[in-house]
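Engineer: Take the sequence shown: its letter number 226 is residue 901 in the numbering used here, and every next letter is one higher.
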Amino acid sequence: MMRKKSISASKASLVLFLCQMISALEVPLDSKLLEELSQPPTITQQSPKDYIVDPRENIVIQCEAKGKPPPSFSWTRNGTHFDIDKDAQVTMKPNSGTLVINIMNGGKAEAYEGVYQCTARNERGAAISNNIVIRPSRSPLWTKEKLEPNQVREGDSLVLHCRPPVGLPPPIIFWMDNAFQRLPQSERVSQGLNGDLYFSNVQPEDTREDYICYARFNHTQTIQQKQPISVKVFSMDSLNDTIAANLSDTDIYGAKPVTERQPVLLTPTGSTSTKVELRGNVLLLECIAAGLPTPVIRWIKEGGELPANRTFFENFKKTLKIIDVSEADSGNYKCIARNILGSAHHVISVTVKAAPYWITAPRNLVLSPGEDGTLICRANGNPKPNISWLANGVPIAIAPEDPSRKVDGDTIIFSHVQERSSAVYQCNASNEYGYLLANAFVNVLAEPPRILTSANKLYQVISDSPALLDCAYFGSPKPEIEWFKGVKGSILRGNEYIFHDNGTLEIPVAQKDSTGTYTCVARNELGKIQNEVQLEVKDPTMIIKQPEYKVVQRYGQVSFECIIKHDSTLLPAVIWLKDNDELPDDERFLVGKDNLTIMNVTDRDDGTYTCIVNTTLDSVSASAVLTVVAAPPTPAIIYARPNPPFDLELTGQLERSVELSWIPGDENNSPITNFVIEYEDGLHEPGVWHYQTEVPGTQTTVQLKLSPYVNYSFRVIAVNEIGRSQPSEPSEQYLTKSANPDENPSNVQGIGSEPDNLVITWESLKGFQSNGPGLQYKVSWRQKDVDDEWTSVIVANVSKYIVSGTPTFVPYEIKVQALNDLGYAPEPSEVIGHSGEDLPMVAPGNVQVHVVNSTLAKVHWDPVPLKTVRGHLQGYKVYYWKVQSLSRRSRRHVEKKILTFRGNKTFGMLPGLEPYSSYKLNVRVVNGKGEGPASPDKVFKTPEGVPSSPSFLKITNPTLDSLTLEWGSPTHPNGVLTSYILKFQPINNTHELGPLVEIRIPANESSLILKNLNYSTRYKFYFNAQTSVGSGSQITEEAVTIMDEVQPLYPRIRNVTTAAAETYANISWEYEGPDHANFYVEYGVAGSKEDWKKEIVNGSRSFFVLKGLTPGTAYKVRVGAEGLSGFRSSEDVFETGPAMASRQVDIATQGWFIGLMCAVALLILILLIVCFIRRNKGGKYPVKEKEDAHADPEIQPMKEDDGTFGEYRSLESDAEDHKPLKKGSRTPSDRTVKKEDSDDSLVDYGEGVNGQFNEDGSFIGQYSGKKEKEPAEGNESSEAPSPVNAMNSFV
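1. Taking the alpha-carbon positions, what's the Val-808 to Ile-975 distance?
2. Apart from the five residues just before and just after Pro-746, which ones in its own chain have a Cβ nearer than 7 Å to its Cβ?
3. What are the partner residues of Lys-993, as DSSP defines its beta bridges?
4. List in chain order: all unbroken beta strand (DSSP E) runs of 3+ residues lying wholly within the stretch 1727-1788.
5. Thinking Ala-1003 and Asn-1106 are a contact (beta carbons under 8 Å), I'd like their distance in whole angstroms, please.
6. Under the three-state reduction of DSSP, which class applies to Phe-1484: helix, strand or coil?
7. Please tell me whether Pro-968 has its Cβ less than 8 Å away from any Cβ of chain C.
8. Since I believe Tyr-1697 is in contact with Gln-1709 (beta carbons under 8 Å), could you give me their beta-carbon distance rounded to a whole number of angstroms?
9. Give every residue of the same chain whose Cβ lies closer than 6 Å to the Cβ of Ser-1529, excluding the five residues on either side of it in the sequence, and list them in chain order.
10. How many angstroms separate the CA atom of Ser-1400 from the CA atom of Leu-1548?
11. Would you mind stating whether Pro-1608 and Val-1517 have Cβ atoms separated by less than 8 Å?
12. Spatial neighbours of Gly-782 within its chain, please: C-beta separation below 7 Å, excluding the five flanking residues on both sides.
13. Short of 6 Å in beta carbon distance, which residues of its chain neighbour Ile-1011, apart from the five on each side in sequence? Order them along the chain.
14. Confirm, please, whether the CB-CB distance from Leu-1180 to Trp-1158 is below 8 Å.
15. From this set, Val-1506, Glu-1606, Val-1780, which residue's C-alpha is nearest Val-1454's C-alpha?
16. What does the Cβ neighbour count give for Lys-1782, buried or exposed, with the cut at 16 atoms within 10 Å?
17. Would the stretch 1365-1383 and the stretch 1318-1336 be scored as touching if the rule is three or more Cβ pairs under 8 Å?
18. Should Trp-750 be labelled buried (16 or more other beta-carbon atoms within 10 Å of its own) or exposed?
19. DSSP on Cys-1833, reduced to helix/strand/coil?
20. Taking the CB atoms as reference points, tell me whether Leu-1143 and Leu-1210 lie closer together than 8 Å.
21. Could you tell me the alpha carbon to alpha carbon distance between Trp-1064 and Gln-1101, rounded to whole angstroms?
22. DSSP state of Thr-949, grouped into three classes?
23. Just verifying my parser: in three-state terms, what is the DSSP assignment at Lys-783?
24. Specify the secondary structure class of Gln-860 as computed by DSSP and reduced to three states.
25. As an exercise, report each continuous beta strand (DSSP E) stretch of at least 3 residues that is fully enclosed by the stretch 1068-1093, in chain order.
26. Could you check which residue in Thr-1483, Asp-1278, Trp-1465 has the C-alpha nearest to that of Gln-1232?
27. With Ile-727 and Ser-812 assumed to form a contact (beta carbons below 8 Å), what rounded beta-carbon distance in angstroms separates them?
28. Just confirm the distance between the C-beta atoms of Asn-1741 and Phe-1778, as a whole number of angstroms; I'd bet it's less than 8 Å.
29. Extract the residue ranges of the alpha helix (DSSP H) inside the stretch 1658-1699, only unbroken runs of 4 or more that lie entirely within it.
30. I think Trp-1033 touches Ala-1054, with their Cβ atoms under 8 Å apart; what is that distance to the nearest whole Å?
31. Among Pro-1183, Leu-1585, Thr-1290, Leu-1683, which one has its Cα closest to the Cα of Tyr-1555?
32. For the pair the stretch 1625-1645 and the stretch 1674-1686, tell me if three or more CB-CB distances fall below 8 Å.
33. Between the alpha carbons of Ala-1197 and Pro-1044, how many angstroms are there, rounded?
34. Taking just the CA atoms, how far does Asn-1206 sit from Pro-1141?
35. Is Lys-768 helix, strand or coil when you go by DSSP?
36. Are Val-1288 and Ile-1218 touching if we call contact CB-CB under 8 Å?
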């Protein structure tokens, strides 16, 4: 039995100790008090646990502490005492524990590596610092290595390894070139977390010799550079050229073209890996993939969502970054690399561990002798940390015993402490990932009460404002505080005072009779002390004569009055402002004691003038507007506002009425229409005038109804058509007697702000509505429909009362009644309010979806029981979202939509759905607090709809009787496409439509050749797609079949031919179509995705020379015409000649060339003889006709001084007929050049690449020779034609 009792007693004492902890003393931050009280040491500043230092600078290990008496300091190094006196390089700062190790004068930082700990000690205990690990930073050089050039095929992946030296701390890695420019990175090329540079696929532009990896060591401000890495990318074209150069013509050669490849992960390798990260750190996961096209990386968390607001994607989504990780972030993270050929994935299993972190760190205890207390040290981590205690830096198991101390795991219990129990305790929480160390002292003090507030301190406040009287105190045990008014007054109690825990006395509404001496008394078992303070309540400052609106003529004078009333002990300061700014620095502005006068007024003086009165306790202001007008040109009758009434008199004074009379002022040529009577309540709202009533302009007396307990003053304002007069001087004051309130507060409401309270609010009565002093309110409430008594409370003149501990959302009957010192107002009416709402408890049930059509659905649900709503039912919210399209089977980003249905509605329509899609929805009930739980997700599918129009319709390859149609599938199929419908009909020259033909085309087709059409006919096409539901919207297009094969109506360019040299190529083509076409040539590197380069052809000639080409490169080329519906020729591919000197042959040494030149010389001799004979016989040379037939603006007669061709003339007079070389006209009437008649082909000018063009693209041997000056009257040429030309003419 005794043992059981002792156990129960120990449990009870433990509860008592835990309660005592809450009431432990707090020492105020008073400098004088802190200097007098003894206090154990407290570490205030220390170096970080892991302290990396610059080996070139002095090492400063910080350790600062406070205590009373000031603590002394000592250090340990690697667990043993560190005697700084024996090391000349080490000094300790005066009055500090901070060590300074002199490195700059001969010391070596490596010699001082180790674990340091500081101890601060005085007579009350010893505090220790963390273990501070000192390590000098290191920035080693790169190890020398031989780097072989990287030769890689275009499209392959590549990894350039950095392998930086191991530094302390680790370096920052980046890649640059020789010009110190950062290498551009993209989805294709990026740097990994390990510093390596990854290429998902290499391109020719990746070729360079200066890939340089840099390592920046921030601690030592140094940068180390790796040797440059060379990368050579071989394209397929260049590889084929290399093979061709080394093989004979009979060998079969050719490298495979660049092939697309599905993704393969470069890092990490394998299908799975693991990652351990610590709680609170940043989690970085990386996936980099190879592939062509470049793969796109996507991240998911298996079985969960990526944490919102903490997830970021870096390095083109190759790096997943989650900040501030916690144990909840553990799990499997999958990265998926995808391109058009496939995908690859890798799963990283992440485990989040945790170094120790505080749940409850131990706090300092200040106790009185004989008191109890506890130190609690609670920490968490993964794995669970081990808790150990030290006392004054020594493990508590071997520390000196203290009978008042008992260790219970993570808690130290103190009972009946004495002054010798003072000590500093250390709590160490550690696991494999780190440790926490916290110092907390137990300071046992026996101190009589002390009042820290200055004696006889004077407090001044304005009447009707709150007054706060301080009484800062300290003592051990904690003293009790009492307040008295006057030297022999009774203790202060009641609702008119508020007593704060820090000793401050608050008087919410100070009145004049609150002035006096207040005494604060502090006492504990060791003594008693008191202090007196003074309170003075001052009268408020008022402006009794405010500045008034003024209209003044230009160059006139105006004055604003500002007469004030203030407490005689306060010194007011009056400031005038113009438009809320200082007055202009102008001598025309004269500031008097009670007024502001402006002389010689100008237009710039227009504005608002404000009088501000400041005292040390309050501030008031009043404003008036000044309007400056021009002086009238001639005197005229002045219609102005009336002058104010005067001689106001009060007669027949009764409790609730009085008679007011007055004498009207001058009407100023406009009759007075009415008088406005205003009143001022000098007791409650001095200086504020309120509207009372108004009477006709013929009446000069009025009977006024009055309210009790109001100190009335009246004034009268006269009104005419011009405006209102200035107010009259106030009447004498009349104070009515007090009475019970006549009315109760209005707008009484009861609305809970929390689920367990009821907030009762009302609009307070105005000052004159109180009908007497001591205005208060009686607030009553009871639960509705429950047989309860009214609960009432009387509160001060406030407008809110909070009832706590109420059930959730229960109706209450509420009433608020006014009362004053003379009694209660009439019985108030009751209103119904509700206690606070809470979130709804249940979700709507029996959710059903009826799909109306492909874009509209109707959702039904059962209403939730009203008791479970726990608030005002505001309606239901339907959340719905598209899961996937049934036609494409592709998921997309889920965008939830919300529709709100007000009230107790049990159904709603969901518009704007997408046809042939799968949707989910849920329903939630909504009250004033928020939304309830969601119903289970309901899946529904929309039926097929009609598709959108095909994405495009293109008509190509017109012939005599056929057209080729190509089209794209609809952007929104809205179902399964069943077919395409093509309708077409001819259009004649008068735009009349012919018979309509309809064709049904299978859904899997994307092109169609229409045959058996009429030649040279325009057709209009109507094209649309169909699902099982019906036809979608159609797309239209028009096209024309050609007239005939000889003379097509539809323009075209064909027979594009190329003749290429090393750096240039001659392009020629045949054109059929209208005259005056403007041609252009587009070209680019074959197989490249770069945009086409465009060159404009001058004139209408059918050839062009491309210059500046790269030797040994394959090019694509096409020819187009401007302004003719943008049509182009088909593409042609050619290759420039190689630029290798070893393959060039000296043509002059070739036997065939020598023979050819001899034959040419013989031909020239024969032709000269023939031409000479023909000239003598009057023969004609048809060069002129050839030029006239083409009339190419590029080939025009040129002058001999610029070295170009001369003019070509016939051998006979121009008046004679020219004889054609061939039968038939060269130029048809429609200007169309027929194929068989065209003699502008390059064939006419030679054959073969070498024999056809010069390097600059000019013709060789077309027309040569000089042109001599002709006689003025002659038309015949004076020179013989060129033999070369003659030879070409016979070809």
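Ideal Cβ positions, reconstructed from N, Cα and C, are used throughout, including at glycine. The structure presented is a predicted model; accordingly, all values stated were derived computationally and were not measured.
Structural biologist: Result, derived from the coordinates:
1. Approximately 40 Å, taken between the alpha carbons.
2. Once the five neighbours on either side are set aside, the close Cβ partners of Pro-746 are Pro-716, Ala-740, Ala-795, Arg-796, Asn-797.
3. Beta-bridge partners assigned by DSSP to Lys-993: none are found.
4. Segments of the beta strand (DSSP E) lying fully in the stretch 1727-1788: 1727-1735, 1740-1747, 1753-1760, 1768-1771, 1778-1781.
5. Cβ-Cβ separation between Ala-1003 and Asn-1106: approximately 19 Å, too far for a contact (criterion under 8 Å).
6. Note: Phe-1484 maps to coil in three-state DSSP.
7. Judged by its chain identifiers, the structure shown contains no chain C, having just a single protein chain.
8. 5 Å between Cβ atoms; contact.
9. Non-local C-beta neighbours of Ser-1529 in its own chain, meaning closer than 6 Å and more than five positions away in sequence, comprise Pro-1590, Thr-1617, Pro-1618, Gly-1620, ordered along the chain.
10. Looking at the backbone, the Cα of Ser-1400 and that of Leu-1548 are separated by about 56 Å.
11. Cβ atoms of Pro-1608 and Val-1517: closer than 8 Å.
12. Contacts found: Gln-764, Ile-776.
13. Residues of the same chain with a CB within less than 6 Å of the CB of Ile-1011, apart from the 5 flanking positions on each side, are Arg-973, Ser-1018, His-1020 in chain order.
14. Judged by beta-carbon spacing, Leu-1180 lies within the 8 Å limit of Trp-1158, meaning their Cβ atoms are closer than that value.
15. Closest by alpha carbon: Val-1506.
16. Exposed, by the Cβ-count rule.
17. Three or more pairs of CB atoms, one per stretch, sit closer than 8 Å, so the stretch 1365-1383 contacts the stretch 1318-1336.
18. By the 10 Å Cβ count, Trp-750 comes out buried.
19. Residue state for Cys-1833 is assigned as helix, using DSSP reduced to three classes.
20. Cβ distance not < 8 Å, so Leu-1143 and Leu-1210 don't count as in contact.
21. Going by the C-alpha atoms only, they are around 6 Å apart.
22. Residue state, collapsed to three classes: strand.
23. Residue state for Lys-783 is assigned as coil, using DSSP reduced to three classes.
24. In the structure shown, Gln-860 sits in coil (DSSP, three-state: anything other than H, G, I, E or B).
25. As far as the stretch 1068-1093 is concerned, its whole beta strand (DSSP E) runs of at least 3 residues are 1080-1083, 1086-1089.
26. Nearest C-alpha to Gln-1232 among Thr-1483, Asp-1278, Trp-1465: Asp-1278.
27. Indeed they touch by this definition, with Cβ atoms about 5 Å apart.
28. Confirmed, Cβ separation roughly 6 Å.
29. Taking 4 residues as the shortest admissible run, the stretch 1658-1699 contains no complete alpha helix (DSSP H) segment at all.
30. Taking C-beta atoms under 8 Å as the contact rule, Trp-1033 and Ala-1054 qualify, at a distance of about 6 Å.
31. Checking every option, the nearest Cα to that of Tyr-1555 belongs to Leu-1585.
32. Enough Cβ pairs lie closer than 8 Å, so yes.
33. Rounded to the nearest angstrom, the two C-alpha atoms are 19 Å apart.
34. When rounded, the distance between both Cα atoms is 21 Å.
35. For Lys-768, the secondary structure class from DSSP, reduced to helix, strand or coil, is coil.
36. The criterion of a C-beta distance shorter than 8 Å is satisfied by Val-1288 and Ile-1218.
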